[in-house]
Each structure stands twice: as structure tokens, then as C-alpha cells.
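S.K.: Protein chains in written order, with the working numbering: chain A, 1 to 350; chain B, 1 to 350. What follows is a structure written as C-alpha cells; I'll ask about it next.
Protein chains: 2
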Amino acid sequence: MTDAEPSAPPRLTRRNTGTVTLDEVAALAGVSPSTVSRAIRDPEQVSLAAYEAVMRAVDETNYVPNRAASNLASNRSGTVAAVMPAMSYSVFADTVHALEAELSAAGVQLFLGTSGYDEAREEQIVRAFLGRRPDGIVMVGASHTEGTREMLRRARIPVVETWDWSDDPIDCIVGFSNRDALTAIVEHIVEAGYRHPTFAGWLTGVDSRARARRDGFEDAVRRLLPGEPVRVLDTAEHGISVEAGAWLLGQVREQHPESDVLVCASDIFATGAILEAQRRGLAVPGDIAITGFGDFEISRHLHPALTTVQTPDDLIGRRAGELILERIADPDAAPVSLDLGFTPIVRDSA
Amino acid sequence: MTDAEPSAPPRLTRRNTGTVTLDEVAALAGVSPSTVSRAIRDPEQVSLAAYEAVMRAVDETNYVPNRAASNLASNRSGTVAAVMPAMSYSVFADTVHALEAELSAAGVQLFLGTSGYDEAREEQIVRAFLGRRPDGIVMVGASHTEGTREMLRRARIPVVETWDWSDDPIDCIVGFSNRDALTAIVEHIVEAGYRHPTFAGWLTGVDSRARARRDGFEDAVRRLLPGEPVRVLDTAEHGISVEAGAWLLGQVREQHPESDVLVCASDIFATGAILEAQRRGLAVPGDIAITGFGDFEISRHLHPALTTVQTPDDLIGRRAGELILERIADPDAAPVSLDLGFTPIVRDSA
DNA sequence: ATGATGAATGACAGCGCTGTCAGCGGCGCC
DNA sequence: GGCGCCGCTGACAGCGCTGTCATTCATCAT
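This is the structure in C-alpha cells:
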């Protein structure tokens with residue numbers, strides 16, 4: 001089968017990709033390529049007979065449209081890019097899931113990238129994503145390098161920042177105030193009678209949300225517990241892990257033995273701290289109270305059940321998806337800032 | 001500015017996309033488009049002077065190459081697609097992370113999709129992904145619809161199935177035997193003196209790995225504990241959650257009060273079961289022993305610390321990435337089946 | 001019967017790149 | 001001095017689609 005057919009000139013195209021193309025489907029179906037294109041994208045536009053002929057040919061050839069060609073011709077990619085800090089332990093998993101559900105219902109695919117809580121890496125990722133000409137982009141966080149902001153602005157596509165709050169979003173923002181959430185926690189613990197709180201989070205990293213939470217803690221302590229020192233523990237090289245939480249419990253007992261409540265920037269830390277307290281035979285909240293952040297599923301099953309803040313994880317994803325889709329449909333719509341709030345959940349640990 | 005310039009004919013391109021193109025960069029740099037393309041993709045090919053002129057023009061114009069055009073022209077997309085069952089609680093998060101690290105080091109981007117443990121949905125996702133002409137594809141699991149297998153075979157790109165084992169992979173497979181892993185657990189508990197095990201997992205879903213674990217359990221029980229009934233609990237509508245684990249503990253106590261060890265198909269269940277045992281004041285392993293699967297970070301912090309099986313989460317991702325890259329470079333390489341094994345971790349819960 | 005409408009279709013250029021080939025000048029070699 | 005060689009560059013076609021416009025034909029009101 002290596003010989004050229006005698007009936008046709010041996011003019012095989014130079015770079016034959018070997019895959020079925022729209023033209024071949026058209027030839028088989030006995031219609032023009034235009035009709036095949038229409039039948040696939042919007043059956044309403046073609047007659048029933050044409051539609052059926054095309055579908056038969058598509059099945060027969062196992063035709064899979066080449067989206068790269070489609071993107072190029074239509075200048076729409078049918079994709080949305082999302083950049084998030086991490087996947088493990090992901091608070092963001094629910095957000096991504098909801099986002100993907102929202103988008104895929106509209107036939108839009110999600111491109112996912114993780115920055116590892118690193119804004120320089122984030123910039124690289126955004127640059128790479130922009131090369132794929134997504135129709136929109138979803139970011140976690142509202143803190144980015146100036147380069148990232150600039151690129152995003154220039155891309156002229158809808159941008160939704162999430163999980164954070166800002167008065168100066170790039171475009172749209174869907175989130176809540178991490179700062180206010182921590183303030184709310186401090187208000188609760190003060191009301192519950194605790195007077196010597198210690199904040200704990202991963203502050204070595206570039207996680208602006210952790211920082212916002214820290215700031216909210218500091219504000220509230222200064223306001224509600226005047227004269228009280230602002231105790232802050234950084235998990236540093238322990239990062240975001242259960243182990244870091246266990247370590248934190250030791251730290252607070254050693255470094256701040258007077259502290260009566262450990263205010264964690266994540267349920268992950270709080271989980272580790274509670275388990276470590278169990279191990280040490282410490283009573284929670286008797287010997288030390290503990291609060292979390294995020295209301296993970298495990299938190300209500302711990303002993304004691306964790307007092308925490310519920311964040312609108314999947315609502316963020318859903319709304320972000322809706323917003324992106326709306327703005328793809330109407331690029332001139334005004335930017336939207338959506339504060340989804342948070343819900344303090346008081347259980348037994350504080 | 002709506003008037004056509006008198007000097008040039010008013011032949012504005014019909015569908016102007018408004019973004020900077022390679023041609024514009026070339027004009028500004030004073031070289032041909034070919035040279036710009038080369039300078040960007042492989043600086044070695046052009047003179048230093050040309051390279052610098054191009055880079056200056058790229059900076060000045062904020063040029064971002066259009067990958068859709070590049071894909072179309074070169075028939076390579078620079079992407080790899082990955083399909084996994086879920087993201088929440090994700091055992092797979094580490095795998096994806098390692099995979100992404102491996103690929104992005106080679107300048108390849110990862111397209112991620114989740115099937116929700118649904119093989120029909122998986123097929124849709126694969127179809128959609130294939131439209132983007134990825135250079136390779138990574139699947140979680142070795143059980144797919146025939147349609148999926150067929151598409152994947154026809155795509156003529158490297159395919160790596162993961163987290164599972166099969167004698168008849170589509171192309172490559174990197175994983176371990178879930179069946180054998182459960183057998184190993186049963187061997188341990190029998191050796192430790194337990195005689196009445198109950199297996200628990202989410203069997204209502206189409207998770208073939210859960211099923212393989214169940215089968216491994218059954219095999220081992222029949223072999224090592226002849227005469228013993230094969231007790232199996234399905235979390236059913238509770239799915240994969242901590243809550244399901246708590247529920248399981250209740251179930252095993254009620255339905256199989258004689259059972260002395262609960263063999264969970266995931267550390268998530270085991271975690272819920274241990275916490276529920278704490279709540280009920282049951283001694284673990286005294287009243288009932290508990291084993292998990294996956295060795296999540298929290299497992300070693302529980303009380304008692306969980307006996308489980310460590311799976312090569314990120315090694316799977318790393319190897320899968322390497323394999324994909326190798327096979328992109330050399331499409332004629334022979335398929336590889338890589339059994340990465342597993343490691344039983346004996347702690348205090350069984 | 002006639003023109004006006006509208007649905008369905010086809011022709012064609014072009015989206016922004018890359019592969020390929022040809023051409024240019026400078027160099028070392030016989 | 002002529003030859004081949006090599007590094008670098010530019011011209012050009014074409015990847016597989018879609019937007020746009022032109023065309024056809026049946027349908028309808030006049």
C-alpha cells in the first residue's frame with residue numbers, strides 16, 4: 001500500500017495529519033463543508049435531511065472537530081482558564097467543581113493551573129494560559145503581580161477574582177472579606193469569655209488571604225481587647241498541613257502558656273491542633289479553646305466539634321461561572337463585585 | 001477615527017481580532033515573520049542581533065503568541081489532558097500535582113477534567129478533550145466504556161492509565177493492584193488475630209477501584225478465613241465522606257456485632273469511623289479494629305493512629321508524566337506497564 | 001402572474017501561525 | 001580562484017475550521 005494510486009496524482013499533502021477533517025465528512029455526506037459545520041454547531045440552521053446525512057457521516061468516520069482550527073477561525077476558544085494556589089487539601093476543590101459544572105453545562109471547558117501560592121509562578125501561568133486565548137479567566141485571590149494585572153487587563157476578556165475582596169478588582173470579583181471573617185471569630189470568642197487569643201496561620205507564604213485573616217484578627221484584638229498583645233504564630237516550613245496544626249498546639253502552649261484560645265487560619269490547622277490536644281490529654285476548650293476557618297467536612301466530626309467559619313465554597317464557583325458566561329455573551333456588561341459573605345459556625349471547641 | 005486613511009485602501013480585515021500578531025512584531029523588529037517565529041521557539045536558530053530585535057519588539061507590543069494558530073500549523077498542541085473521577089478529598093490531588101510539575105517543566109500544559117465517577121460522563125469528557133488534540137492523555141482507572149477505549153486508541157496519542165492495574169491497557173499503565181493491596185490488609189489483620197472482618201466502601205458508584213478492593217478482600221477472606229462470611233457494607237448514598245465513615249461504624253455494630261475489624265476502602269471512611277468510635281466511647285482496636293486505605297496525612301494523627309495502605313500517589317503522577325513526554329518524543333516506543341506497588345502501614349488501629 | 005420574502009445551501013477568503021525550501025553571503029578547502 | 005559548506009534569513013503555502021456573502025428555490029401576499 002505504499003504506491004501512489006495511479007488515478008490520482010501522488011500529491012499527498014505535505015504535512016498530512018492523518019485525522020478526519022470536516023471536508024471528508026462533507027464529501028461523504030454529500031453536502032458542502034459549510035453545511036457540515038452548521039449541522040454540528042447549530043442543527044437548527046440546516047434541513048433535517050442534511051442534518052441526518054451529516055450525523056451519519058460523522059459517526060461513520062469518527063470525526064472529532066479540531067478545536068484549534070475552530071478557535072482560530074472564530075476567535076473564540078470555548079475555554080475558561082482558572083488559576084488557583086493549590087489542589088491538595090483544597091478548599092478550592094469545591095469551587096472548581098462548581099465552576100466546572102456551571103461552565104460545562106454551557107459547553108465551555110476549564111483549563112486549570114496551580115501557582116503553589118507563588119505570585120511569580122502565577123504570572124507565568126497566566127501568560128501561558130493567555131496564549132490559548134481563553135474566553136474568560138477565573139483567579140483565586142485578588143493579590144497579583146502588576147505584570148499579571150496588566151496582562152489580564154490587556155487580554156480584554158472577562159476576569160473574575162475569587163475568594164477575596166478588593167476595592168480595586170481587575171474586572172469582577174466574587175468572594176468575601178477574609179478580614180471581616182476573622183474579626184467575626186474574635187468577636188465570638190470574646191463574647192464567649194476568652195481573653196488571650198493567639199492567631200496561627202501560614203504567613204511565610206505569599207497567601208494574601210492568610211494575611212488578610214491575620215489583619216482581621218489584629219484589628220479585632222486591638223479593638224475588643226485593648227492592652228492585649230497580638231499573638232501570632234507562623235507555621236512557616238510546616239506549611240498548610242495537619243502536622244502544622246499539631247505543631248501549633250505545642251507552640252502556643254510553650255510560647256504563650258497564658259493563651260486561652262488558638263485561632264487558626266484554616267480548619268486543617270485546627271484539626272491537627274485538636275488531635276494533638278487529645279494526644280496530650282488537654283481539654284478543649286477547657287485547657288485551650290480552638291477555632292478554625294473553612295468548615296471542612298471533618299470539622300463537625302471532631303471531638304470537640306470545631307467552631308469555625310463557613311465559607312461559600314461552591315457558591316463562589318457557581319457565581320463565578322455564571323458571571324463569566326454572562327460577560328462572554330455580553331462583553332460590554334458592567335463589572336460586578338459580589339460579596340457572598342461567610343457564616344460563623346459555633347460548635348464546641350470555642 | 002472611523003474614516004479610512006487616504007494613504008491606505010480602507011481594506012480593514014473583516015474579522016479583526018484586535019490582538020497583536022506575529023506579523024506586527026516582525027514589522028516592528030524589522031525582520032521576517034519566520035525569524036520572529038524561530039526567535040521565540042528556538043533562539044539558537046537566529047543571530048543574536050535578530051533575537052534581540054525580536055525580543056524588544058515582543059516586549060514593546062506585549063505580544064502573546066496565539067497557540068491555536070500554532071497548534072493548527074504544527075499539529076502539536078503542547079497540552080496533555082487528564083481525566084479523573086473527582087477533586088474533593090482527592091487522593092488524586094497529589095498525582096495531578098506531580099503530573100503537572102513534570103509536564104510544565106517540559107513546557108506542556110495540563111487540561112483537567114473530572115468525571116464524577118461516571119463512565120458515560122468520562123466518555124463525553126474524553127471526546128471533548130480529543131477535540132483539543134492533546135499530545136497525550138492520562139486517565140485515572142483502567143475501566144472505561146468501550147467507546148472511550150475506542151476513541152483513545154484511534155487518537156494515536158500516548159495514553160497512560162493510572163491508579164489501577166490491567167492486563168489489557170489501552171496503551172501504558174502506571175499503578176498498582178488495588179486487589180492485591182486489600183489482600184495484603186486482610187493478611188495483616190488475620191496475622192494480628194482478627195477473625196471477623198467487614199469490608200466497607202462506596203460500591204454503588206462506578207468506581208472500579210473500590211470494586212477491585214472489595215474483590216481482593218473477598219479473595220483473601222475465602223482463602224485465609226475459610227467458612228467466614230464475606231461481610232460487605234456499601235456507603236451507598238453517603239458516597240465518599242467522613243460522614244459515611246461515621247455511619248459505617250454504626251452499621252457494622254448493628255448489622256455485624258460479631259465483627260472485630262472494619263476494613264475501609266479509604267482513609268476517609270476510616271477517619272469517620274474512628275471519630276465516631278471516640279464519640280461512642282468504643283475502644284479501637286479493643287472493641288473494634290479499623291483499617292484504611294491511602295494513608296492520608298491525617299491518618300497518622302488520629303487516635304489511635306490508622307493502620308492503612310500507602311499508595312504511591314505522587315510517584316504515579318511523576319511516572320505518568322515522564323512516560324507521556326517520552327512517548328511524545330518517540331511515538332514508536334513500546335507501551336509500558338509500570339507496577340508501582342503499595343506499602344502496608346501498620347499503626348495502632350488494627 | 002409577479003415580486004418580495006425567507007430558508008437552506010455553497011463558495012471563498014482568511015484566522016495566525018509553522019514547515020519547507022530556496023537564497024544569500026561568508027568561510028575554509030583543494 | 002572555484003567549489004562546497006554552513007549559518008542565517010525570507011517567501012510561501014497551508015493547517016482545518018468559520019464568518020460572510022451570494023445564490024438558489026419554494027412560499028406567500030399582491
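C-beta: ideal position from N, C-alpha, C; glycine also. The structure presented is a predicted model; accordingly, all values stated were derived computationally and were not measured.
Alpha carbon to alpha carbon, how far is A:S138 from A:A82?
M.R.: Correcting the residue identity first, residue 138 of chain A is Val in this sequence and not Ser. Using only the alpha carbons, I get a separation of about 5 Å.
S.K.: Within 10 angstroms of the Cβ of B:E100, are there 16 or more other Cβ atoms? Answer buried if so, exposed if not.
M.R.: buried
S.K.: Looking only at its own chain, which residues have a Cβ that is under 6 Å from the Cβ of B:T307, when we skip the five neighbours before and after it?
M.R.: T291, V346, R347, S349 and A350
S.K.: Is B:A333 near B:E326, with beta carbons less than 8 Å apart?
M.R.: yes
S.K.: How would you call A:P226, buried or exposed, if buried means at least 16 neighbouring beta carbons within 10 angstroms?
M.R.: Exposed: under 16 other Cβ atoms inside 10 Å.
S.K.: Considering only residues of the stretch 123-173 of chain B, which uninterrupted alpha helix (DSSP H) runs meet the minimum length of 4 residues and lie entirely inside it, listed in chain order?
M.R.: 146-154
S.K.: Would you say A:V58 lies against chain B (beta-carbon separation less than 8 Å)?
M.R.: no
S.K.: Just confirm the distance between the C-beta atoms of B:F293 and B:D267, as a whole number of angstroms; I'd bet it's less than 8 Å.
M.R.: 6 Å
S.K.: According to DSSP, is A:R347 helix, strand or coil?
M.R.: coil
S.K.: How far does the alpha helix (DSSP H) with A:P197 in it reach, from first residue to last?
M.R.: Note, A:P197: premise wrong, no alpha helix (DSSP H); beta strand (DSSP E) at P197 to G201.
S.K.: Using the C-alpha atoms, what's the distance from B:R211 back to B:V252?
M.R.: 19 Å
S.K.: Compute the distance between the beta-carbons of A:D18 and A:Y117, then report whether it is under 8 Å.
M.R.: The sequence shown places Gly at residue 18 of chain A, not Asp. Against a cut-off of 8 Å, the Cβ pair of A:Y117 and A:G18 comes out as no contact.
S.K.: State yes or no: is the C-beta of B:G136 within less than 8 Å of the C-beta of B:I316?
M.R.: Not in contact: B:G136 and B:I316 (Cβ atoms no closer than 8 Å).
S.K.: Assign B:N71 to buried or exposed, taking buried as 16 or more other Cβ atoms, counted over all protein chains shown, within 10 Å of its Cβ.
M.R.: That one is buried.
S.K.: Run through the stretch 261-289 of chain B for me and flag every whole alpha helix (DSSP H) of 4 or more residues, listed as ranges in chain order.
M.R.: 267-280
S.K.: Please name the residues in the stretch 299-319 of chain B whose beta-carbon is closer than 7 Å to at least one beta-carbon of chain A, in chain order.
M.R.: H301, L302 and H303
S.K.: Starting from A:L103, follow the alpha helix (DSSP H) in both directions and report where the run begins and ends.
M.R.: F92 to A105
S.K.: Who are the neighbours of A:S47 on chain B, taking C-beta pairs under 7 Å?
M.R.: Residues of chain B passing the Cβ test: none, with the nearest at roughly 25 Å.
S.K.: Let me make sure I understand the geometry here. Which of B:D287, B:R209 and B:V20 has the alpha-carbon closest to that of B:A61?
M.R.: Looking at the sequence itself, residue 61 of chain B is Thr, so the reference to Ala does not match. Minimum Cα distance to B:T61 is reached at B:V20.
S.K.: In whole angstroms, give me the CA-to-CA distance for B:R178 and B:E161.
M.R.: According to the sequence displayed, residue 178 of chain B carries Asn and not Arg. Near 14 Å, if we compare the C-alpha coordinates of B:E161 and B:N178.
S.K.: For A:S337, write down the residues that DSSP places opposite it in a beta bridge.
M.R.: Answer is A:I173, bridged to A:S337.
S.K.: How would you label B:P145, buried or exposed, when you count the other beta carbons within 10 angstroms and need 16 or more for buried?
M.R.: Note that residue 145 of chain B is Thr in the sequence shown here, rather than Pro. It counts as exposed.
S.K.: Find the residues of chain B that neighbour A:E87, judging by a C-beta separation of less than 8 Å, and give them in chain order.
M.R.: Before going further, note that residue 87 of chain A is Met rather than Glu in the sequence given. Residues of chain B passing the Cβ test: M87, S90, A93, V96 and H97.
S.K.: Per DSSP, what kind of secondary structure is A:F111 in: helix, strand or coil?
M.R.: Three-state DSSP puts A:F111 in a strand.
S.K.: For B:T308, which of helix, strand or coil comes out of DSSP?
M.R.: strand
S.K.: Kindly indicate the opening and closing residues of the alpha helix (DSSP H) around B:S22.
M.R.: Note that residue 22 of chain B is Leu in the sequence shown here, rather than Ser. For B:L22, the enclosing alpha helix (DSSP H) starts and ends at L22 to A29.
S.K.: Check the C-beta distance from B:L224 over to B:V190 and give it rounded, since I have them as a contact under 8 Å.
M.R.: 5 Å
S.K.: List the residues that DSSP assigns as beta-bridge partners of A:R231.
M.R.: A:T198
S.K.: Determine whether the Cβ of A:S115 lies closer than 8 Å to any Cβ atom of chain B.
M.R.: no
S.K.: Look at the alpha carbon of A:A128 and the alpha carbon of B:L103, and state the distance between them as a whole number of angstroms.
M.R.: 13 Å
S.K.: Quick one: using the 10 Å Cβ neighbour count with 16 as the cut-off for buried, is B:D3 buried or exposed?
M.R.: With a pLDDT of 36 at B:D3, under the threshold of 50, the modelled position of that residue is not reliable, and no figure is offered here.
S.K.: Express the C-alpha separation of B:V230 and A:L282 in angstroms, rounding to a whole number.
M.R.: 41 Å
S.K.: What is the DSSP secondary structure of A:T13, reduced to helix, strand or coil?
M.R.: Unreliable placement is indicated for A:T13, whose pLDDT of 41 sits below 50; the coordinate value is still reported in the next sentence. The answer is coil: DSSP assigns A:T13 none of H, G, I, E or B.
S.K.: Distance cutoff 8 Å, beta carbons only. Does B:P285 sit that close to anything in chain A?
M.R.: no
S.K.: Within 7 Å: the Cβ of A:F176 and any heavy atom of the ligand ADP?
M.R.: Of ligands this structure carries none, so the ligand ADP is not represented either.
S.K.: Can you confirm whether A:S166, when its beta carbon is compared against all beta carbons of chain B, has any partner nearer than 8 Å?
M.R.: no
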